[in-house]
Amino acid sequence: MSSGPSTLLFAFMDAQRWRPRPVPRKRGGMIRLYALETGSCEGCAMEIAALNGSTIPLEGSGFQLVSGPEEADWLLVTGAVTRSSASDLFEAWQAMPAGKSMVAVGACALDGGPFQADYATLGGLEKISRVYRTIPGCPPSPRDIFQALVALADEGFS
32 MSSGPSTLLF
42 AFMDAQRWRP
52 RPVPRKRGGM
62 IRLYALETGS
72 CEGCAMEIAA
82 LNGSTIPLEG
92 SGFQLVSGPE
102 EADWLLVTGA
112 VTRSSASDLF
122 EAWQAMPAGK
132 SMVAVGACAL
142 DGGPFQADYA
152 TLGGLEKISR
162 VYRTIPGCPP
172 SPRDIFQALV
182 ALADEGFS
């Protein structure tokens, strides 16, 4: 494979072709996301954090990561729910405004993943509540997370 300016230009052109397009919001405005790590290896939490500094146009596509649950529309839960984090999850959920939604991000958030048999782990969200929306993976990549968020928004999930 050759290298040089022309190779870089072709790579950029190809990246632009596959770049995600902005998604029109059915509700209007941004969908505000709050990520809560409830206990695990933190792989999924790091992938969500990577969305902020990546080439994926998160805010340009109608999503915004916020710093507190009281500002959020969607709660992105990562990690298995532990005995000590269950109260944090409950408090974050209660602090969110009406119209809130929860998304389990990664295997641990759904069913506890490899931590489900641990004595300090209650399991995943499915042990606590019915889980309607999930983003599978261990961990899902930032692109997988973004594409799933876009799909959920397109479904009218709010």
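Here the numbering used here = 1-based position in the sequence shown + 31.
Beta carbons are placed, not taken as given, at the ideal position from N, Cα and C, and that holds for glycine.
All values reported here derive from a predicted model rather than from experimental measurement.
So the candidates are Leu106, Arg161, Cys72 and Leu120; which of them puts its Cα closest to the Cα of Arg63?
In the sequence shown, residue 63 corresponds to position 32, counting from 1. Here the closest residue by C-alpha is Leu106.
Val97 by DSSP, collapsed to three states: which one?
Translated into the one-based positions of the sequence shown, residue 97 becomes position 66. The DSSP-derived three-state label of Val97 is coil.
Are Cys169 and Gly144 closer than 8 Å when you measure CB to CB?
If you number the sequence shown from 1, residue 169 lands on position 138. If you number the sequence shown from 1, residue 144 lands on position 113. Going by C-beta atoms, Cys169 is nearer than 8 Å to Gly144.
Can you list, in chain order, the residues of its chain whose CB lies under 7 Å from that of Glu78, leaving out five sequence neighbours each side?
The count along the sequence shown starts at 1 and reaches residue 78 at position 47. So the qualifying residues of the chain are Pro170, Pro171, Ser172, Pro173 and Ile176.
Short check: CB of Leu206 to CB of Ala123, under 8 Å?
Nothing about residue 206 can be read from this structure; the chain reaches only from 32 to 189.
Exposed or buried, what is Asp185 when buried is set at 16 or more other beta-carbons lying within 10 Å of its beta-carbon?
Here residue 185 refers to the residue found at position 154 when the sequence shown is read from its first residue. With fewer than 16 neighbouring CB atoms inside 10 Å of its own CB, Asp185 falls in the exposed class.
Which residues bound the beta strand (DSSP E) around Ser132?
Taking the sequence shown and counting its residues from 1, one reaches residue 132 at position 101. Segment Ser132 to Val136, the beta strand (DSSP E) holding Ser132.
Per DSSP, what kind of secondary structure is Ile87 in: helix, strand or coil?
On the sequence shown, position 56 is the one that residue 87 refers to. Annotated three-state conformation of Ile87 is coil, per DSSP.
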